[in-house]
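This report refers to the structure that appears directly beneath it.
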Amino acid sequence: MMKPGKLVAITTMMSSLLLFFIILAAAAAGSTTEEAGADNKNDLIVQSLFRFPASQLGPEFEQLLNLWYDDWLYTTTNENGTAIITPDPSGKQHALRSVSTPATTLFRRQCYGAAPIKSPQFTNLYNNLEQRRKDIEFQYIKDPKEEMTMLHTMVKRFYPAFLPADGHGGDSAVTHMHKKKVMSTVDTIHAKTELPLDYDSPSTLAFQTSKLSSPDTDVDDDSPTQSWSWRPAGVFSNRGMSNFMRWRLIFYKSMRSEFQKELSKDTPGFKFSYGRPSGMYWYPPGAVREWHSNYLDLIGNTKEKTDNNQKIFASQMWRMYFVRTVRDEEFDGLLQNFGVSGNSDDVDDHSAMHIIPGEDEGITLDVLQKAGARPLTKEEKQRQWKDVFAEDYSNSTAANEDVNSGEEGTLDRNSVWRLPDKNGYVTFFRLPKLYHCIVSENVHRYSLGFAFSDEEVQALLRLAKVDFDVTSGNEGNDKIADEL
Numbered sequence: 001m002m003k004p005g006k007l008v009a010i011t012t013m014m015s016s017l018l019l020f021f022i023i024l025a026a027a028a029a030g031s032t033t034e035e036a037g038a039d040n041k042n043d044l045i046v047q048s049l050f051r052f053p054a055s056q057l058g059p060e061f062e063q064l065l066n067l068w069y070d071d072w073l074y075t076t077t078n079e080n081g082t083a084i085i086t087p088d089p090s091g092k093q094h095a096l097r098s099v100s101t102p103a104t105t106l107f108r109r110q111c112y113g114a115a116p117i118k119s120p121q122f123t124n125l126y127n128n129l130e131q132r133r134k135d136i137e138f139q140y141i142k143d144p145k146e147e148m149t150m151l152h153t154m155v156k157r158f159y160p161a162f163l164p165a166d167g168h169g170g171d172s173a174v175t176h177m178h179k180k181k182v183m184s185t186v187d188t189i190h191a192k193t194e195l196p197l198d199y200d201s202p203s204t205l206a207f208q209t210s211k212l213s214s215p216d217t218d219v220d221d222d223s224p225t226q227s228w229s230w231r232p233a234g235v236f237s238n239r240g241m242s243n244f245m246r247w248r249l250i251f252y253k254s255m256r257s258e259f260q261k262e263l264s265k266d267t268p269g270f271k272f273s274y275g276r277p278s279g280m281y282w283y284p285p286g287a288v289r290e291w292h293s294n295y296l297d298l299i300g301n302t303k304e305k306t307d308n309n310q311k312i313f314a315s316q317m318w319r320m321y322f323v324r325t326v327r328d329e330e331f332d333g334l335l336q337n338f339g340v341s342g343n344s345d346d347v348d349d350h351s352a353m354h355i356i357p358g359e360d361e362g363i364t365l366d367v368l369q370k371a372g373a374r375p376l377t378k379e380e381k382q383r384q385w386k387d388v389f390a391e392d393y394s395n396s397t398a399a400n401e402d403v404n405s406g407e408e409g410t411l412d413r414n415s416v417w418r419l420p421d422k423n424g425y426v427t428f429f430r431l432p433k434l435y436h437c438i439v440s441e442n443v444h445r446y447s448l449g450f451a452f453s454d455e456e457v458q459a460l461l462r463l464a465k466v467d468f469d470v471t472s473g474n475e476g477n478d479k480i481a482d483e484l
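The numbering of the sequence shown is the working numbering, which starts it at 1 and goes up by one.
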């Protein structure tokens, strides 16, 4: 006889899959009209990166954001009508302890000094890490904490292999920089947190926080109103709750009402095909998401593949992220002890998306500069050896090296470029060639992601009055299909 817990897990999984296929069916039903009105459906955008204020997408997009503010974040409203985001207290306590752990330290520092893009780290290890993460997430494990434990255990096996080829000092340096335990956090910003000795263990770091519904709500509704699940290898959290698919369906339908009408003014006959919200994330100060390319996002769940689903995932080659950044008074107070001044009004360029242009032909020096990207500063380059969240790297020779990066006016395609976050901006970037990582230095970074097709992004850029170039898409589509 099937165990009740397993039956519940299967029922939950089937309900989620049913809602997902309802979404796909609804989109497919509306795609016929869209195809008839799209004269240049095969034209693809030339550039692979854009960034601009979200206000350029109009008040209809702001209405969508209100769904995110109201249903997923703790928010209040100030006199200007702007949503004020407050970090979840229990989640923040966990996050500010976790940013000094070995894996987080390793991936954060690599965000400022990545290995060459054709090295084993990129051609094998990073892709393997991304593959294993996807495999775990598609196992539909009933207990999210079990999933996070599996991820952390996997990462602890992986991260010693991410060292530079020469080892930079051998095993002693490896031990000092990459395998140090949190109990040794002397002279770091969180040195006085008195962390438990086993804080780097998978069971301790597999942390999920939630806030139960208000007593004023229906007594039968025991689902959390807010839930954060903390993800190894770096420390960041994505959102999850029992009615997550229901929220996604509501948001999906809302996109196709007033916002779609507004888009059709600049793109006559426009209708969203499979555009959808793709993720919601919280990066506290010190948090990081390791280098990745999202190449598997264009393939989808390998265990549930169909020809139609494959085409849907492959068509969603663009990601758009809306970012809000929030200063933290408690954290700013800790920074002052290190001689770093904090300003609650200063929320820009204290977190960022770092990118490596690599083989992406849509990334040029002009594209980077128009998006607001820049080479790393000398101080930022040195963060791969030292930061306030962990002990300094002790190899003086390595610390004094001139870290390779593109300089002003040039484009080294293997160098790290920084796209500084600006509060209230959206960033568009195209998959799957653009390696990127996310790092937050001294703000809470909240982001709402979307997955779009090239045609949908063209309509969004027209609405925002952003210039872009197009070229015949047949060759580009064939090339992407071959790579996948």
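Glycine included, each C-beta is placed from N, C-alpha and C at the ideal position.
Keeping to the same chain, check which residues put their C-beta closer than 8 Å to that of Pro116; ignore five residues upstream and five downstream.
-> The answer, listed in chain order, is Phe122 and Asn414.
Say whether the segment 453-465 touches the segment 125-140, bearing in mind that this needs 3 or more beta-carbon pairs closer than 8 Å, one atom from each stretch.
-> No, the segment 453-465 does not touch the segment 125-140.
Which of helix, strand or coil DSSP assigns to Pro277 = In the structure shown, Pro277 sits in a strand (DSSP, three-state: E or B).
Looking at the structure shown, is Thr175 part of a helix, part of a strand, or coil, going by DSSP?
-> At Thr175, the pLDDT of 45 sits below 50, so the modelled position is not reliable; the number obtained from the coordinates is stated separately. In this structure, Thr175 counts as helix in the three-state DSSP scheme.
Helix, strand or coil: which one does DSSP assign to Asn400?
-> Reliability of the predicted coordinates at Asn400 is poor, the pLDDT of 43 falling under 50, and no value is obtained from them.
Helix, strand or coil at His190 [DSSP, three-state] = Coil, per DSSP.
Enumerate in chain order the residues of its own chain whose CB-to-CB distance from Val466 is below 8 Å, with the five nearest sequence positions on each side excluded.
-> Once the five neighbours on either side are set aside, the close Cβ partners of Val466 are Phe50, Phe52 and Gln56.
Sequence-distant residues of its chain with Cβ nearer than 8 Å to Thr471 (five each side left out) | Within the same chain, Thr471 has close Cβ partners Asp43, Leu44 and Val46.
Spatial neighbours of Asp349 within its chain, please: CB distance less than 8 Å, with the 5 preceding and 5 following residues excluded, ordered by chain position.
-> Within the same chain, Asp349 has close Cβ partners Pro420, Asp421 and Lys422.
Report the rounded CA-to-CA distance for Val388 versus Cys111, giving the unit in angstroms.
-> Take the alpha-carbon of Val388 and the one of Cys111: they are about 15 Å apart.
Going by the beta-carbon positions, is the gap between Ile250 and Met353 smaller than 7 Å?
-> No, the pair does not count as a contact, with Cβ atoms beyond the cut-off.
Where does Pro232 fall in DSSP's three states?
-> Coil, per DSSP.
Three or more C-beta pairs closer than 8 Å, one from the segment 93-103 and one from the segment 278-294: is that the case here?
-> At 8 Å Cβ cutoff, the stretches touch.
CB-CB under 6 Å to Phe270, same chain, minus the five flanking residues each way: which ones, in chain order?
-> Closer than 6 Å at the Cβ level, and outside the excluded window around Phe270, lie Leu263, Ser264 and Ala459.
State buried or exposed for Gly234, treating a residue as buried only when at least 16 other CB atoms are found within 10 Å of its CB.
-> That one is buried.
Is DSSP giving His436 helix, strand or coil here?
-> DSSP places His436 in strand when its eight states are reduced to three.
Leu365 versus Gly424, Val99, Ile85 and Thr410, residue with shortest Cα-Cα distance = The shortest C-alpha separation from Leu365 is found at Thr410.
Could you pull out every residue in the same chain whose Cβ sits closer than 7 Å to the Cβ of Asp360, ignoring the five residues on either side in sequence?
-> Counting only Cβ-Cβ distances below 7 Å, and skipping sequence neighbours, we find Ser48, Lys433 and Leu434.
Could you give the DSSP three-state label for Ser254: helix, strand or coil?
-> Looking at Ser254 - three-state DSSP - the assignment turns out to be helix.
In this structure, what does DSSP give as the bridge partners for His354?
-> Answer is Arg418 and Cys437.
Could you check the C-alpha separation between Gln384 and Lys261 for me, to the nearest Å?
-> Near 47 Å, if we compare the C-alpha coordinates of Lys261 and Gln384.
Own chain residues within Cβ distance below 8 Å of Asn477, not counting five before or after | Confidence in Asn477 is poor, its pLDDT being 46 and thus under 50, which makes the residue's placement unreliable; the coordinate value appears in the next sentence. Around Asn477: Asn42 and Leu44.
Distance, Arg445 Cα to Arg157 Cα | Approximately 28 Å between the Cα atoms of the pair.
By a C-beta neighbour count over all protein chains shown, 10 Å radius and 16 as the cutoff for buried, is Ser203 buried or exposed?
-> Ser203 should be labelled exposed.
Using beta-carbon positions only, say whether Val288 and Arg108 come within less than 7 Å of one another.
-> Going by beta carbons, Val288 and Arg108 fall inside the 7 Å limit.
Taking C-alpha atoms, which residue in Phe468, Ser447 and Asp454 lies nearest to Ile85?
-> Checking every option, the nearest Cα to that of Ile85 belongs to Ser447.
Within 7 Å, strictly: CB atoms of Ser237 and Trp228 = Yes; because the gap between Cβ atoms is below 7 Å, this pair is in contact.
Residue of Asp469, Ala464 and Leu64 minimising C-alpha distance to Ser257 = Across the set Asp469, Ala464 and Leu64, the C-alpha of Leu64 shows the shortest separation from the C-alpha of Ser257.
Could you check what DSSP says for Ala95 in three-state terms: helix, strand or coil?
-> Ala95 falls in the helix class under three-state DSSP.
Ser351: which of Phe338, Val340, Gln369 and Val323 sits nearest, CA to CA?
-> Among Phe338, Val340, Gln369 and Val323, the Cα nearest to that of Ser351 belongs to Val323.
Buried or exposed: where does Pro485 fall if 16 or more other Cβ atoms within 10 Å of its Cβ makes it buried?
-> The first residue shown for the chain is 1 and the last is 484, placing residue 485 beyond what the model contains.
May I have the straight-line CA-CA distance separating Gly275 from Asn337, to the nearest angstrom?
-> Rounded to the nearest angstrom, the two C-alpha atoms are 46 Å apart.
In three-state DSSP terms, what is Ala451?
-> Under the three-state reduction of DSSP, Ala451 is assigned to strand.
Alpha carbon to alpha carbon, how far is Trp318 from Arg462?
-> The alpha-carbon atoms of Trp318 and Arg462 are separated by roughly 16 Å.
Which of helix, strand or coil does DSSP assign to Asp88?
-> Asp88 falls in the coil class under three-state DSSP.
Pull up the distance between the alpha-carbon of Val340 and that of Thr377, whole angstroms please.
-> Each residue's Cα considered, the two are about 17 Å apart.
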